[in-house]
Every structure is written in C-alpha cells, then in structure tokens.
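Have a look at the structure below, then the notes.
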Amino acid sequence: MKAECISRGEPRLFWIKSSYSSEEGGECVEVAACPHRIHVRDSKDTARPGLAVGPDTWDLFVVYAVDQIN
Numbered sequence: 001m002k003a004e005c006i007s008r009g010e011p012r013l014f015w016i017k018s019s020y021s022s023e024e025g026g027e028c029v030e031v032a033a034c035p036h037r038i039h040v041r042d043s044k045d046t047a048r049p050g051l052a053v054g055p056d057t058w059d060l061f062v063v064y065a066v067d068q069i070n
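The UniProt record's numbering puts the first residue of the sequence shown at 1, with every later residue one more than the last.
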C-alpha cells in the first residue's frame, strides 16, 4: 500500500487508529489517506494486505456506516 502514495509523490502513509479500537481485542482498524486513495488495514495484523479505495467510494462507505449507527 505504501507504493500507491509514494508513486504519487506523497510521503509515507500516516496511519490513524480508530478511536473505537482497543488493546483488549475486538475490531481494530487503521486508516491512511492519500489524495487518490484511502487505505484501510487491520491494526492487529499490519503485515497483512489492506484495502485501498477511491475517495468517492470512501465517502459512500462513511455515509452508510453513520446511517447504521443512527
């Protein structure tokens, strides 16, 4: 996933851990944003491949997720 950002002249990915993640287990997610991709990975196993989607797809996902909470 780093290659996606680096190839576009961006610095290395800066991963942000979900505020809902904890060291006690459960669903742990990290996100890193680039101009053309949003990267998502499992924070408990960062060596595994993650997922990268375009900004429009990410926006749709966030709207859907918020709707599920409300």
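By construction, the Cβ of each residue, glycine as well, lies at the ideal position given by its N, Cα and C atoms.
(Q) What does the alpha-carbon distance come out to for the pair D42 and L51? (A) Cα-Cα distance, rounded: 9 Å.
### Query
Which residues in the same chain have their Cβ closer than 7 Å to the Cβ of K44, if we skip the five residues on either side of it in sequence?
Closer than 7 Å at Cβ, skipping near neighbours: C28.
Identify whether K2 lies in helix, strand or coil by the three-state DSSP scheme.
-> Only weak support is given to the placement of K2: the predicted model assigns it a pLDDT of 45, under 50, and the question is left unresolved by the model.
Check: Using a threshold of 7 Å, is the CB atom of C28 nearer than that to any non-hydrogen atom of the ligand MN?
Finding: As far as ligands go, the structure on display features none, and thus does not contain the ligand MN.
According to DSSP, D42 sits in a beta bridge with which residue or residues? Bridge pairing for D42: V29 [DSSP].
- Task: With DSSP collapsed to three states, give me the class of residue 75.
- Result: No answer is possible for residue 75: the residues shown for the chain start at 1 and end at 70.
Original post:
Excluding the five sequence neighbours on either side, which residues of its own chain have a C-beta within less than 8 Å of the C-beta of I16, listed in chain order?
Top reply: Closer than 8 Å at the Cβ level, and outside the excluded window around I16, lie E30, V31, A32.
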